[in-house]
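Only one structure is covered here, and it is reproduced in the block below.
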Amino acid sequence: MPRLMAIDYGKKRTGLAVTDPLQLIASGLTTIPTHELIPFLKKYFAAEPVETIVIGEPKNLDGTATDATALVAECIRVMKKNFPDIPIVRVDERFTSKMAFQTMIDSGLKKKDRRDKALVDEISATIMLQEYLRNKI
1 MPRLMAIDYG KKRTGLAVTD PLQLIASGLT TIPTHELIPF LKKYFAAEPV ETIVIGEPKN
61 LDGTATDATA LVAECIRVMK KNFPDIPIVR VDERFTSKMA FQTMIDSGLK KKDRRDKALV
121 DEISATIMLQ EYLRNKI
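Following UniProt numbering, the numbering of the sequence shown begins with 1 at its first residue and continues without gaps.
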């Protein structure tokens with residue numbers, strides 16, 4: 001079975017998470033510089049089949065678009081051009097960064113390690129993918 005992938009897209013860094021082949025468990029994959037996203041995905045998709053891409057859509061608390069919403073829309077446009085056969089699903093990412101930070105605290109990471117924004121992005125992608133899996137059932 002192909003995997004599902006989640007993307008926590010950011011202006012500088014992008015966090016990635018994937019499921020196992022049975023699509024049961026979401027795990028952090030990596031965080032990469034955003035300008036390397038498409039080349040990274042081309043390599044990854046050549047090695048691993050991916051059925052769906054889940055991407056976080058930034059929103060304000062009232063549900064309106066943020067400054068980053070346009071960046072995500074452009075990323076989606078570029079991904080559809082490069083990977084036309086892989087469906088892209090937008091999910092609400094309003095609280096994922098806070099949840100990721102809390103996860104880091106709960107897992108006992110030291111304060112110094114919790115400052116690693118790349119880790120926050122990867123955990124945020126994992127949380128989005130877990131939520132997607134939970135709602136898919």
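Don't be surprised by glycine CBs; every beta carbon is placed ideally from N, CA and C.
**Prompt:** Do the CB positions of A68 and G15 come within less than 9 Å of each other?
**Reply:** no
**Message:** Classify G63: buried if its beta carbon has 16 or more other beta carbons within 10 angstroms, exposed otherwise.
**Reply:** exposed
**Item:** M1 - DSSP class collapsed to helix/strand/coil
**Value:** coil
**Extent of the continuous alpha helix (DSSP H) to which A47 belongs** = Per DSSP, the unbroken alpha helix (DSSP H) holding A47 starts and ends at L37 to A47.
**Prompt:** How far does the beta strand (DSSP E) with L16 in it reach, from first residue to last?
**Reply:** Residues R13 to T19.
**Asked** In whole angstroms, what is the alpha-carbon distance linking G56 and T19?
**Response** 16 Å
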